[in-house]
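Participant: Below you will find the structure I want to go over with you.
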Amino acid sequence: MSRQLIAIALVAAGGVAQAQPVEPAPDAGPTAPVPTIPPPVPASLAPASAPASEAPGAPAASDDEIGDQGISAAIGLATGGRVTPGGLRIAGHYLYQLSARDWFDGAASFTFGSGSAACFRDRQDALVCSHGLADGSGVEISASIRRLFAPQGAFRPFARVGLGLGLVRFGGDDVSGVAIPLHGGGGVRVTVAPAIAVVADGELALGFGGFGHGLGFEPQLGLAITAGAEFRLR
Amino acid sequence: MRSAIIAVIATMGVVLTACQHNDVSREVGARCDVSAECDDRCLAPSADYPDGFCTVACNDRSECPSDTTCADHEGGVCLFACSGDPDCTFLGAGWQCKAADLRGGGIKVMVCRGS
Chain A
1 MSRQLIAIAL VAAGGVAQAQ PVEPAPDAGP TAPVPTIPPP VPASLAPASA PASEAPGAPA
61 ASDDEIGDQG ISAAIGLATG GRVTPGGLRI AGHYLYQLSA RDWFDGAASF TFGSGSAACF
121 RDRQDALVCS HGLADGSGVE ISASIRRLFA PQGAFRPFAR VGLGLGLVRF GGDDVSGVAI
181 PLHGGGGVRV TVAPAIAVVA DGELALGFGG FGHGLGFEPQ LGLAITAGAE FRLR
Chain B
1001 MRSAIIAVIA TMGVVLTACQ HNDVSREVGA RCDVSAECDD RCLAPSADYP DGFCTVACND
1061 RSECPSDTTC ADHEGGVCLF ACSGDPDCTF LGAGWQCKAA DLRGGGIKVM VCRGS
């Protein structure tokens, strides 16, 4: 049931979950292999062990290393600018397998940058903020889809897209706001022990935020690189 | 693949640089009422500095940011250099290009000040 709820939420949010071809109905004609989603559980969200959901070439054996659920902790650097926070990035992820190659990736991330002031009033009396790459602080939750690709030797590359909701603050200027960034990125994971993997991840965040003090809506643009450990739960 | 990554990073750099361009800054030129609004000090709103003016103290021209010079006012402050009134219009109404003593130089320089 929870798998269905997650799937519905992700599809509604424009996720990348996709329908997989299934066996045609007995009464269907010979030219009717149209992809359908059999109720009640979409094939694309069925466990990896379901043969019908295996994408061609998907390395099912390696999927077992990742598991049905997992958690990870990562640390790295985030770069921002203007009203996008940057600095030390600490993130935690919860992974939930949706299909043979796709995982739901729920994350909570924290960014710790300097609190220096960088906002000023221009000559038209409009507030302008020109923070550096590592200024400000923020906390964000995000929901993403992580797709794993075929192993490249010991490395297992993946791509990730998702949507976040965050709080941003620049203490030196007493400016706070709410940000809604789209995330896109990728990385690699290397299994180093049973149920444990090392993960390196890079992502681009692009969106907008609403701020007080007359700043209004401002674009959000940031880049983050993190590395951490991933643990299989089951 | 590598060229695509370089292109993305270069594009981000251009966007960030373009978005941060401004004629004035917290260092020199921003409007202000109190020094907390500036990197160094605020010349409070007055006839000499309409709407207030963020600046930095100086004793020599070399201590001022580009496009500014060290005028012998208020104990030495950096003001925008100019060659005519149109050079000062970006600061708003009431700003003109006027002669001032160069701090530590013994000569006159043209700077933007209030009328």
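So the protein sequences, as listed, match chains A and B. The first sequence lines up with residues 1 to 234 when you count with my numbering. The second sequence lines up with residues 1001 to 1115 when you count with my numbering. For each residue, glycine too, the CB sits at the ideal point set by N, CA and C.
#1: Per DSSP, which one or two residues make a beta bridge with residue 163 (chain A)?
#2: Which residue comes first and which comes last in the beta strand (DSSP E) that contains residue 1041 (chain B)?
#3: Give a yes or no on whether the minimum CB-CB distance between residue 13 (chain A) and chain B is below 8 Å.
#4: Rounded to whole angstroms, what's the CA-CA distance from residue 1075 (chain B) to residue 116 (chain A)? Just pull it up for me.
#5: Does the Cβ of residue 141 (chain A) have 16 or more other Cβ atoms within 10 Å, making it buried, or fewer, making it exposed?
#6: Just verifying my parser: in three-state terms, what is the DSSP assignment at residue 1090 (chain B)?
#7: Closer than 8 Å, CB to CB, is residue 238 (chain A) near chain B or not?
#8: To the nearest angstrom, how far is it from the Cα of residue 196 (chain A) to the Cα of residue 218 (chain A)?
#9: Along the chain, which unbroken stretches of the alpha helix (DSSP H) at least 4 residues long are found entirely within the region 91-155 of chain A?
#10: Using a beta-carbon distance below 8 Å, is residue 201 (chain A) in contact with chain B?
#11: Can you tell me whether DSSP reads residue 1027 (chain B) as helix, strand or coil?
#12: Going along the chain, which residues of the region 104-123 of chain A sit with their C-beta nearer than 9 Å to a C-beta in chain B?
#13: Quick one: is residue 160 (chain A) buried, meaning 16 or more other Cβ sit within 10 Å of its Cβ, or exposed?
#14: Strictly by DSSP, which residues pair up with residue 222 (chain A)?
#15: Give me the subset of the region 1067-1095 of chain B whose CB atoms are less than 7 Å from a CB atom of chain A, sorted by chain position.
#16: What does residue 1063 (chain B) reach in chain A if we use C-beta pairs closer than 8 Å?
#17: Smallest Cα separation from residue 1054 (chain B): which of B:1033, B:1073, B:1066?
#18: So is residue 221 (chain A) buried or exposed if we call it buried at 16+ other beta carbons inside 10 Å?
#19: Which residue marks the beginning of the beta strand (DSSP E) containing residue 70 (chain A), and which one marks its end?
#20: What does residue 125 (chain A) touch in chain B if you count any residue whose Cβ is under 7 Å from its own?
#21: Let me check one thing: in DSSP terms, what residues is residue 1071 (chain B) bridge-paired to?
#22: Since I believe residue 1080 (chain B) is in contact with residue 1111 (chain B) (beta carbons under 8 Å), could you give me their beta-carbon distance rounded to a whole number of angstroms?
#23: Where does residue 234 (chain A) sit, in a helix, a strand or coil, going by DSSP?
#24: In whole angstroms, what separates the C-alpha of residue 215 (chain A) from that of residue 150 (chain A)?
Facilitator: Taking the definition as stated:
#1: Counting from one through the first sequence, the residue named residue 163 (chain A) turns up at place 163. Residue 163 (chain A) pairs with A:143, A:182.
#2: Taking the first residue of the second sequence as 1, we reach residue 1041 (chain B) at position 41. 1041-1043 is the extent of the beta strand (DSSP E) around residue 1041 (chain B).
#3: Mapped onto the first sequence, residue 13 (chain A) falls at position 13. Summary for residue 13 (chain A): the model assigns pLDDT 43, below 50, so the residue's position carries little reliability, and this model does not support an answer.
#4: Stepping through the second sequence from its first residue, residue 1075 (chain B) is reached at position 75. Stepping through the first sequence from its first residue, residue 116 (chain A) is reached at position 116. Taking the straight line joining both Cα atoms gives about 27 Å.
#5: Position 141 of the first sequence, counted from the start, is the residue given in the question as residue 141 (chain A). Using a 10 angstroms sphere on the CB of residue 141 (chain A), the tally of other CB atoms stays under 16, which defines it as exposed.
#6: Indexing the second sequence from 1 puts residue 1090 (chain B) at position 90. Residue state for residue 1090 (chain B) is assigned as helix, using DSSP reduced to three classes.
#7: Summary: the structure shown does not reach residue 238 (chain A), with chain A confined to residues 1 through 234, and so no result is reported for it.
#8: Residue mapping note: residue 196 (chain A) aligns to position 196 of the first sequence, counting from 1. Residue mapping note: residue 218 (chain A) aligns to position 218 of the first sequence, counting from 1. Distance between the alpha carbons of residue 196 (chain A) and residue 218 (chain A) is about 40 Å.
#9: Counting only runs of 4 or more, we get nothing.
#10: Here residue 201 (chain A) refers to the residue found at position 201 of the first sequence. Answer no: the Cβ-Cβ gap between residue 201 (chain A) and chain B never drops below 8 Å.
#11: Taking the first residue of the second sequence as position 1, residue 1027 (chain B) is located at position 27. Assigned with DSSP and collapsed to three states, residue 1027 (chain B) falls in coil, not helix or strand.
#12: Taking 9 Å as the cut-off between beta carbons, the residues of the region 104-123 of chain A near chain B are 117, 118, 119, 120, 121, 122, 123, in sequence order.
#13: Here the question's residue 160 (chain A) lines up with position 160 in the first sequence. Label assigned to residue 160 (chain A): buried.
#14: If you number the first sequence from 1, residue 222 (chain A) lands on position 222. The beta-bridge partner set that DSSP reports for residue 222 (chain A) consists of A:205.
#15: Contacts with chain A (Cβ-Cβ distance below 7 Å) from the region 1067-1095 of chain B involve 1090, 1091, 1092, listed in chain order.
#16: Here residue 1063 (chain B) refers to the residue found at position 63 when the second sequence is read from its first residue. Neighbours of residue 1063 (chain B) on chain A: none; closest Cβ ~20 Å, over 8 Å.
#17: The residue given as residue 1054 (chain B) occupies position 54 in the second sequence. Comparing alpha-carbon positions, the option among B:1033, B:1073, B:1066 lying closest to residue 1054 (chain B) turns out to be B:1033.
#18: Indexing the first sequence from 1 puts residue 221 (chain A) at position 221. In summary, residue 221 (chain A) is buried, with 16 or more beta-carbon neighbours lying within 10 Å of its beta-carbon over all protein chains present.
#19: Residue mapping note: residue 70 (chain A) aligns to position 70 of the first sequence, counting from 1. For residue 70 (chain A), the enclosing beta strand (DSSP E) starts and ends at 69-79.
#20: Here residue 125 (chain A) refers to the residue found at position 125 when the first sequence is read from its first residue. In chain order, 1031 make up the part of chain B whose C-beta sits under 7 Å from the C-beta of residue 125 (chain A).
#21: Numbered from its first residue, the second sequence carries residue 1071 (chain B) at position 71. Under DSSP, the beta-bridge partners assigned to residue 1071 (chain B) are B:1077, B:1102.
#22: Here the question's residue 1111 (chain B) lines up with position 111 in the second sequence. Here the question's residue 1080 (chain B) lines up with position 80 in the second sequence. Confirmed, about 6 Å.
#23: Within the first sequence, the letter at position 234 stands for residue 234 (chain A). Coil.
#24: Translated into positions along the first sequence, residue 215 (chain A) becomes position 215. Translated into positions along the first sequence, residue 150 (chain A) becomes position 150. Rounded to whole angstroms, residue 215 (chain A) to residue 150 (chain A) spans 45 Å at the Cα level.
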